[in-house]
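Notes follow once the structure below has been shown.
Number of protein chains: 2
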Amino acid sequence: MKSIHSADFKIGLLGGGQLGRMMLQKAYDYNLFIAVLDPTREAPCHQLANEFIVGNFKDYDTVYNFGLSKDVITIEFEDVNSDALADLEAKGIKVFPQPKALKIIQDKGLQKEFFTKIGVPTSPYFIVKDKVEMAQKATQFPFFQKLRTSGYDGYGVQKINSKADISDAMEGPSMCELAVPMDKELSVIVARNESGEVKNFPVVELEFNPEANMVEYLFSPANISESIEKQAQELARKIIIELDMVGLLAVEFFLSTSGELLVNEIAPRPHNSGHQSIEGNYTSQFDQHIRSILNLPLGDTAATKPSVMVNLLGEKGFEGPAIYEGVNEAMAMKGVNIHLYGKATTKSFRKMGHVTIVAESLQEAKTIAKKVKETIKIKA
Amino acid sequence: MKSIHSADFKIGLLGGGQLGRMMLQKAYDYNLFIAVLDPTREAPCHQLANEFIVGNFKDYDTVYNFGLSKDVITIEFEDVNSDALADLEAKGIKVFPQPKALKIIQDKGLQKEFFTKIGVPTSPYFIVKDKVEMAQKATQFPFFQKLRTSGYDGYGVQKINSKADISDAMEGPSMCELAVPMDKELSVIVARNESGEVKNFPVVELEFNPEANMVEYLFSPANISESIEKQAQELARKIIIELDMVGLLAVEFFLSTSGELLVNEIAPRPHNSGHQSIEGNYTSQFDQHIRSILNLPLGDTAATKPSVMVNLLGEKGFEGPAIYEGVNEAMAMKGVNIHLYGKATTKSFRKMGHVTIVAESLQEAKTIAKKVKETIKIKA
Numbered sequence: 001m002k003s004i005h006s007a008d009f010k011i012g013l014l015g016g017g018q019l020g021r022m023m024l025q026k027a028y029d030y031n032l033f034i035a036v037l038d039p040t041r042e043a044p045c046h047q048l049a050n051e052f053i054v055g056n057f058k059d060y061d062t063v064y065n066f067g068l069s070k071d072v073i074t075i076e077f078e079d080v081n082s083d084a085l086a087d088l089e090a091k092g093i094k095v096f097p098q099p100k101a102l103k104i105i106q107d108k109g110l111q112k113e114f115f116t117k118i119g120v121p122t123s124p125y126f127i128v129k130d131k132v133e134m135a136q137k138a139t140q141f142p143f144f145q146k147l148r149t150s151g152y153d154g155y156g157v158q159k160i161n162s163k164a165d166i167s168d169a170m171e172g173p174s175m176c177e178l179a180v181p182m183d184k185e186l187s188v189i190v191a192r193n194e195s196g197e198v199k200n201f202p203v204v205e206l207e208f209n210p211e212a213n214m215v216e217y218l219f220s221p222a223n224i225s226e227s228i229e230k231q232a233q234e235l236a237r238k239i240i241i242e243l244d245m246v247g248l249l250a251v252e253f254f255l256s257t258s259g260e261l262l263v264n265e266i267a268p269r270p271h272n273s274g275h276q277s278i279e280g281n282y283t284s285q286f287d288q289h290i291r292s293i294l295n296l297p298l299g300d301t302a303a304t305k306p307s308v309m310v311n312l313l314g315e316k317g318f319e320g321p322a323i324y325e326g327v328n329e330a331m332a333m334k335g336v337n338i339h340l341y342g343k344a345t346t347k348s349f350r351k352m353g354h355v356t357i358v359a360e361s362l363q364e365a366k367t368i369a370k371k372v373k374e375t376i377k378i379k380a
Numbered sequence: 001m002k003s004i005h006s007a008d009f010k011i012g013l014l015g016g017g018q019l020g021r022m023m024l025q026k027a028y029d030y031n032l033f034i035a036v037l038d039p040t041r042e043a044p045c046h047q048l049a050n051e052f053i054v055g056n057f058k059d060y061d062t063v064y065n066f067g068l069s070k071d072v073i074t075i076e077f078e079d080v081n082s083d084a085l086a087d088l089e090a091k092g093i094k095v096f097p098q099p100k101a102l103k104i105i106q107d108k109g110l111q112k113e114f115f116t117k118i119g120v121p122t123s124p125y126f127i128v129k130d131k132v133e134m135a136q137k138a139t140q141f142p143f144f145q146k147l148r149t150s151g152y153d154g155y156g157v158q159k160i161n162s163k164a165d166i167s168d169a170m171e172g173p174s175m176c177e178l179a180v181p182m183d184k185e186l187s188v189i190v191a192r193n194e195s196g197e198v199k200n201f202p203v204v205e206l207e208f209n210p211e212a213n214m215v216e217y218l219f220s221p222a223n224i225s226e227s228i229e230k231q232a233q234e235l236a237r238k239i240i241i242e243l244d245m246v247g248l249l250a251v252e253f254f255l256s257t258s259g260e261l262l263v264n265e266i267a268p269r270p271h272n273s274g275h276q277s278i279e280g281n282y283t284s285q286f287d288q289h290i291r292s293i294l295n296l297p298l299g300d301t302a303a304t305k306p307s308v309m310v311n312l313l314g315e316k317g318f319e320g321p322a323i324y325e326g327v328n329e330a331m332a333m334k335g336v337n338i339h340l341y342g343k344a345t346t347k348s349f350r351k352m353g354h355v356t357i358v359a360e361s362l363q364e365a366k367t368i369a370k371k372v373k374e375t376i377k378i379k380a
């Protein structure tokens, strides 16, 4: 049998962004060989990958040909050609997450139907093929229109406040989700390996930038009751098991003002809501992803210290080669861990990096996080 | 001014071994550009370096030409051509550690004389140019013969038990050091940046493999009195300041059975006695090395948890392509962090990787470390 700790065993990674980059940084600890496919020559992974192939991961032939020489294929971005992955799987190549699970997750309509089917609580929704159908079906406002496919990081999501807004809605088949009065957003990352071992990380709490609709702060642990903590963990485990998925799955929740826990979205890969685990937990989400797809024992997910993660988003109104202001000042603060993703150019709200602050108490970490946020600015 | 977070700013690293590899893994967090020079095409750094140049770091022209295009030059191995580095420094290129400090450290005779000059306690010694002079000067036994230059990891060191042993001593100028009855070996890693900021890590305790004369276990924190802790930290700080050195310095100590703290050796780079800091401290030694040579604020060095580091040495009697036994079993244990260095071939006692065990108590970490040591075997 080939040793996974040698270049004889080839892992193929679709996507070469920051999630892939952090996965590669960890993968060197296990001496893994990882080839990366990404359309952008200067993608965050291009310097670290053992092999970096420029190509479109949405194209059937490109993905199929890339995958043929690999032992295991995985992703760091879910909007890839899952038909090619299904055919590679049929040829006996291991693909984790499996194409069947991926196809459900890639389509926000199928995702919602899946939650309903397995009895997982989620906010009320309706599915439409276009704006005409939206106008017919909409009875309650406000709601969020989410394009069924290709949305990410706040793109492909629009708030519809009234009947009049529908004419400005996005074109394309959509899932429309009623806006639930919300107390908090939460996330649980769970992993499952081929042997069926399942382990979840503790619940974390997310605070969004309202303008960019992107995570701005993450708090670990979440400030929630034991009962909600337990419910969220159990729902995450239930979803990965019902999906019969191998790999890492991020499960995002809404906690409504009435105390109801609703599943929002899932992502079958390392996720922004797990970045704090690099310094704040016994095992990082990147380590856990690697362990899950290689059928290694899953790592302990307990937090080692309270932590706060701050996303470094490109300053609004700046576009061009990135200039990092205030990084040195932030580095002087205790427990501050800077992660820059190596993207050459910035634009408004682009994810350019993140910072994790580890401290003896969450309050202390929050105080430092606020200072970090005020200190680091990414301009052009 | 060039931004250090871009490929415009080029760092040159002499040596492409595991210390460089772990430095590179961290350097991606700051988006640094690092070119590596190493004679071995398949060195542990070759896949991760932004640029990997195959060449002899002991050769004047090779080092000089490699260095000319760089903004900062550093090392992960001290036996490099320091004359070339001195000439690069004279041209205005930053070289950290500075060639002047490097020349003292490269020669175990000059090192000892330096300790004596600045009043740092060290074990009694005498310097000889050859075996004839050794026979003349040796009055007390046993002592350790250490070749003045080119020794590392137990090579270039020999125990001389009696007058009769001298005929079997190594050829070459040597520093001969009286064997002091020893209680423990300790280490402190200290860093200094160009602005003069100095920070040291807490003291750690080392346990050697007697046969290979290499570190087998490391314990953090060391089990020593507060007074010894303070003395060791102060001596480490004194040495880096007196050397006027910028960079990271590992200071190894003997604690004699009579309770005397003696400086053994120093190394101006990340060191085996700091590996636990990756998971066990707020800032890792690799992070601190990077911070020091780029004149960034030094990071907090406190331990986050007790930890034990186990070196993974090639099993005695095996030589050839490495086979890793027991890695999966070890990965199932809590707090176990595996680091494989990506060396294609193993041989007796070769450093092939290390494992850091982080736990709530040192005792718990020690228990797991023992199991890890029994579980992982690197054979061929």
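Going down the list, the sequences are from chains P and W. Each residue of the first sequence is one higher than the one before, counting from 1 in the UniProt record's numbering. Each residue of the second sequence is one higher than the one before, counting from 1 in the UniProt record's numbering. Glycine residues also receive a C-beta, built at the ideal position from the N, C-alpha and C atoms.
In its chain, beyond the 5 residues on either side, E42, P321, A322 have a beta carbon closer than 8 Å to the beta carbon of A344 (chain P). Identification of residues in the segment 7-31 of chain P having a C-beta nearer than 7 Å to some C-beta of chain W yields R21, Q25, Y28, D29, Y30, N31, given in sequence order.
Counting the other Cβ atoms within 10 Å of the Cβ of I11 (chain W) gives 16 or more, which makes it buried. Within the same chain, Cβ atoms closer than 8 Å to the Cβ of M23 (chain P) are found at L13, I34, E76, P270, F286, H289, I290, the five residues on either side in sequence being excluded. Linking A222 (chain W) to S348 (chain W) through their CA atoms gives a straight-line distance of about 28 Å. Contact check for E279 (chain P) against V358 (chain P) passes: the beta carbons are separated by less than 7 Å. For A380 (chain W), the closest of W:A365, W:G314, W:K370 by C-alpha to C-alpha distance is W:G314. In this structure, W:F144 is the residue among W:K129, W:Y64, W:F144, W:A330 with its C-alpha nearest to the C-alpha of S123 (chain W). Residue-level contact check: D87 (chain W) does not touch chain P, since none of the beta carbons of chain P fall below 7 Å from its beta carbon. Rounded to whole angstroms, the separation of the alpha carbons of L235 (chain P) and F96 (chain P) is 21 Å. For the pair G274 (chain P) and G342 (chain W), the Cα-to-Cα distance works out to about 27 Å. In this structure, Q98 (chain P) and M245 (chain P) form a Cβ contact; the two beta carbons are roughly 6 Å apart against a cut-off of 8 Å. Note that the C-beta distance between F9 (chain W) and L37 (chain W) is not below 7 Å.
Using a Cβ-Cβ cut-off of 7 Å, K94 (chain P) does not count as an interface residue toward chain W, since no Cβ of chain W sits closer than that to its own.
The residue from W:G156, W:C45, W:I127 with its alpha-carbon nearest to that of D79 (chain W) is W:G156. Distances from the alpha-carbon of I293 (chain P) to those of P:S195, P:N50, P:T283 put P:S195 closest. Below the 8 Å Cβ cutoff, chain P contributes L296, P297 as neighbours of N328 (chain W), in chain order. Under the 10 Å beta carbon count, K129 (chain W) is surrounded by fewer than 16 other beta carbons and is classified as exposed.
Runs of alpha helix (DSSP H) with 4 or more residues, each lying fully within the segment 200-266 of chain P, are found at 226-242, listed in chain order.
Under the three-state reduction of DSSP output, D8 (chain P) falls in the coil class, being neither helix nor strand. Contact check for L296 (chain P) and N328 (chain W): beta-carbon distance about 6 Å, within the 8 Å limit, so the pair qualifies. The C-alpha of V180 (chain W) is placed about 44 Å away from the C-alpha of A303 (chain P). Fully enclosed beta strand (DSSP E) runs of no fewer than 3 residues occupy 323-325, 336-340 of the segment 321-356 of chain W, in order along the chain.
Within chain P, the residues whose beta carbon sits less than 8 Å from that of D300 (chain W) are K334, G335, listed in sequence order. Here the C-alpha atom of A49 (chain W) lies approximately 29 Å from the C-alpha atom of S187 (chain W). Chain W places no beta carbon closer than 7 Å to that of L37 (chain P), leaving this residue out of the contacts. Collapsing the DSSP output to three states places Q158 (chain P) in a strand. Y64 (chain W) and L88 (chain W) have their C-alpha atoms roughly 7 Å apart. Within chain W, the residues Y282, T304 have their CB atoms less than 9 Å from the CB of V358 (chain P), given in chain order. Exposure of Q363 (chain W) is indicated by the presence of fewer than 16 other C-beta atoms within 10 angstroms of its C-beta. Spanning the alpha carbons of T257 (chain P) and N337 (chain P) requires a straight line of approximately 33 Å. In the three-state reduction of the DSSP assignment, V63 (chain P) falls in the helix class, which pools H, G and I.
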